[in-house]
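Below: the structure, in structure tokens.
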Amino acid sequence: MPSHVKKIPAAPVAMIDFSSAKSKKLKIDRSIDGRTTGSKPVKSLLCPRVKKGSETYSRFFDALSKNCPKRAALMAWEPYYKEFIPKSSMLPKTVLDYRTSETLQLPPKELCQEFEFEELTPSQVQAVETATRDQSASRIWFRQRAGRITASKMRRVLRTSPQQPSKSLIMAICYPEAYRFTTDATRYGCQHESQARGAYEKLMGREHTGFSCVNSGLWLNPRWPYMGSSPDGAVTCDCHGTGICEIKCPHSEQDEPSLRLCAGRRGFCLIGEGDHVTLDRNHDYYFQVQAQLHIVQAEYSDFVVWNHKDLFVERILPDVGFWEDVIPKVECFFRNSILPEILGQQVTNLHKSD
1 MPSHVKKIPA
11 APVAMIDFSS
21 AKSKKLKIDR
31 SIDGRTTGSK
41 PVKSLLCPRV
51 KKGSETYSRF
61 FDALSKNCPK
71 RAALMAWEPY
81 YKEFIPKSSM
91 LPKTVLDYRT
101 SETLQLPPKE
111 LCQEFEFEEL
121 TPSQVQAVET
131 ATRDQSASRI
141 WFRQRAGRIT
151 ASKMRRVLRT
161 SPQQPSKSLI
171 MAICYPEAYR
181 FTTDATRYGC
191 QHESQARGAY
201 EKLMGREHTG
211 FSCVNSGLWL
221 NPRWPYMGSS
231 PDGAVTCDCH
241 GTGICEIKCP
251 HSEQDEPSLR
261 LCAGRRGFCL
271 IGEGDHVTLD
281 RNHDYYFQVQ
291 AQLHIVQAEY
301 SDFVVWNHKD
311 LFVERILPDV
321 GFWEDVIPKV
331 ECFFRNSILP
341 EILGQQVTNL
351 HKSD
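For reference, each letter of the sequence shown is one residue, going 1 to 354 in the UniProt record's numbering.
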């Protein structure tokens with residue numbers, strides 16, 4: 001751009017001359033000499049005017065969105081522009097984001113008195129679930145779980161003393177990425193989950209029309225924003241609607257020919273005998289499944305236990321009475337034990353003083 005030119009006004013592409021400086025000079029010289037430029041006259045192309053919002057208009061942008069979803073032309077039009085919004089801007093505030101320099105200075109009694117979660121919207125709930133379907137491979141999954149009581153921790157929360165809550169439990173809830181643990185049993189479960197899912201899908205596909213099982217991310221619920229749930233899968237079929245699944249691959253029963261014959265064994269999740277084997281209603285997994293059902297608002301959960309030789313599936317429905325009894329206790333634990341660490345780092349400071 002020449003130094004004397006300070007601003008170039010915007011213009012339609014059809015009005016812009018893209019000729020090189022050399023070509024422009026040649027045209028001027030020929031014009032002065034009375035010669036033609038030798039170029040053939042260009043016929044103007046008449047483009048039909050398309051009314052915004054018309055069927056033709058909509059079909060064009062639908063086709064453009066389907067075949068070229070990243071085209072800049074889509075950024076200015078409803079509803080296509082939503083695909084260009086960064087996921088992070090659609091996510092809700094994390095629980096740890098409520099900690100500020102001011103909350104760190106408050107005395108313990110004042111920490112939780114005025115605290116309220118910002119309202120979660122359905123679009124935020126969906127954005128979190130969609131962004132976290134890789135679960136433990138997703139940083140967003142860890143960040144949104146931090147400070148929330150997740151379904152897998154439900155039984156431990158209800159068993160710990162309200163007066164002297166487990167410090168390790170508080171830290172694991174507040175900082176799940178830093179306090180994650182790995183054992184032979186958890187490694188075995190992770191390594192074989194895809195095999196178990198395949199066996200489950202094959203079985204259910206034979207028994208349910210249109211059966212589908214896809215990965216699920218972290219679910220939040222506007223009614224209980226201090227909780228979260230990450231089922232192993234989101235399930236649907238033509239005959240039973242929408243549900244979830246939770247898959248377990250028990251390390252200690254990996255070589256058993258029949259999982260049902262292991263029912264009642266100490267530490268195992270199944271109880272009963274014969275045709276009446278079920279998930280133990282006092283086991284940690286039952287608390288986990290019920291929390292998942294209510295947080296996700298699913299119609300049912302398929303509880304799946306797998307090993308190389310056998311597969312057990314129980315369809316579990318929401319237990320409303322169980323959940324109504326659980327909610328006040330979980331909320332009390334969150335306010336009295338989790339919030340003081342979230343807002344004031346009370347447990348962290350105790351560790352430092354020790």
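Glycine is no exception: its CB is placed at the ideal position from the N, C-alpha and C atoms. Values in this document were obtained by computation on a predicted structure and should not be read as measured data.
So who's on the other strand from A234, going by DSSP bridges?
Beta-bridge analysis with DSSP links A234 to V214 and I244.
Can you tell me where the beta strand (DSSP E) with V305 in it begins and where it stops?
Membership of V305 in the beta strand (DSSP E) is indicated by the continuous run S301 to W306.
Going by DSSP, which residues form a beta bridge with I149?
Note: I149 sits in a beta bridge opposite M227.
Measure the CB-CB distance between V95 and K329 and report whether it falls below 9 Å.
The Cβ atoms of V95 and K329 lie no closer than 9 Å to each other.
Between the Cα of K248 and those of P257, A127, T209 and E314, spot the shortest distance and give me the residue it belongs to.
The residue among P257, A127, T209 and E314 with its C-alpha nearest the C-alpha of K248 is E314.
What are the boundary residues of the beta strand (DSSP E) that P312 is part of?
Sequence inspection shows Phe at residue 312; the Pro mentioned does not correspond to that position. L311 to I316 is the extent of the beta strand (DSSP E) around F312.
The alpha helix (DSSP H) enclosing V296, as first and last residue numbers
Unbroken alpha helix (DSSP H) run through V296: D284 to V296.
Under 8 Å, with one C-beta from each stretch per pair, do the segment 278-296 and the segment 213-232 reach the 3-pair mark?
With contact defined as three or more Cβ pairs closer than 8 Å, the segment 278-296 and the segment 213-232 are in contact.
Classification of Y179 by the beta-carbon crowding that lies within 10 angstroms, buried from 16 upward
The residue is exposed, with fewer than 16 neighbouring Cβ atoms inside 10 Å.
Short of 6 Å in beta carbon distance, which residues of its chain neighbour P92, apart from the five on each side in sequence? Order them along the chain.
For P92, the CB contacts under 6 Å within the same chain, skipping 5 residues up- and downstream, are L120 and Q124 in chain order.
I'd like the list of long-range same chain contacts for V50, defined as Cβ closer than 7 Å, with 5 residues on each side in sequence excluded.
Same-chain partners within the cutoff: T56 and Y57.
Between the Cα of N307 and those of G241, V296 and L259, spot the shortest distance and give me the residue it belongs to.
The residue with the shortest Cα to Cα distance from N307 is L259.
Excluding the 5 residues preceding and the 5 following W141 in the sequence, name in chain order all residues of the same chain whose CB lies nearer than 6 Å to its CB.
Excluding positions up to five away in sequence, the list reads T132, Q135 and L218.
D280 versus C269 - alpha carbon distance:
Approximately 6 Å between the Cα atoms of the pair.
What residue does the alpha helix (DSSP H) around P107 start on, and which one ends it?
Careful: P107 lies outside any alpha helix (DSSP H) and carries neither H nor E.
With distance defined between alpha-carbon atoms, name the residue in F312, H240 and N221 nearest to E253.
Of the candidates F312, H240 and N221, the one whose C-alpha sits nearest the C-alpha of E253 is F312.
Can you tell me whether K153 is buried or exposed, with buried defined as 16 or more other CB within 10 angstroms of its CB?
Result: buried.
Taking just the CA atoms, how far does L343 sit from N336?
So the alpha carbons of these two residues sit roughly 12 Å apart.
Hey, how far is the Cα of L11 from the Cα of K24?
Checking the displayed sequence, the identity of residue 11 turns out to be Ala instead of Leu. Between the alpha carbons of A11 and K24 lies a gap of roughly 19 Å.
Proximity below 9 Å, CB of P108 to CB of A185:
P108 is not a Cβ neighbour of A185, given a cutoff of 9 Å.
Output the boundary residues of the alpha helix (DSSP H) element that contains N67.
E55 to N67 is the extent of the alpha helix (DSSP H) around N67.
If you count every other CB in all the chains shown that lies within 10 Å of the CB of E129, and 16 or more means buried, which is it?
E129 comes out buried.
Rounded C-beta distance between I173 and G147? I'm assuming under 8 Å.
Right, their Cβ atoms sit about 7 Å apart.
Starting from the C-beta of C262, find all residues in its chain whose C-beta is less than 6 Å away, skip the five residues before and the five after it, and write them out in chain order.
The answer, listed in chain order, is E253, E256 and F268.
Note down, in chain order, each residue of its chain lying with its Cβ closer than 6 Å to the Cβ of R143, except the 5 sequence neighbours on either side.
Spatial neighbours of R143 in its own chain (CB-CB distance under 6 Å, excluding positions within 5 residues in sequence) are listed in chain order as T94.
For H351, which option in E114, T100, A196 and K167 has the closest C-alpha, if you only look at C-alpha atoms?
Nearest C-alpha to H351 among E114, T100, A196 and K167: K167.
Whose C-alpha, out of C332, V214 and L220, is nearest the C-alpha of E201?
Comparing Cα-Cα distances from E201 to each of C332, V214 and L220, the minimum goes to V214.
Please name the residue, chosen from Q164, M15, F322 and I149, that lies closest to P176 on a Cα-to-Cα basis.
With distances taken between Cα atoms, P176 lies closest to I149.
What is the rounded straight-line gap between the Cα of V326 and the Cα of G243?
C-alpha separation (whole angstroms): 22 Å.
Classify F334 as buried or exposed, calling it buried when 16 or more other Cβ atoms lie within 10 Å of its own Cβ.
Buried, because 16 or more other Cβ atoms sit within 10 Å of the Cβ of F334.
Alpha carbons only, please: which of T183, F117 and S216 is nearest the one belonging to R197?
Each of T183, F117 and S216 was checked against the Cα of R197, and the nearest Cα belongs to S216.
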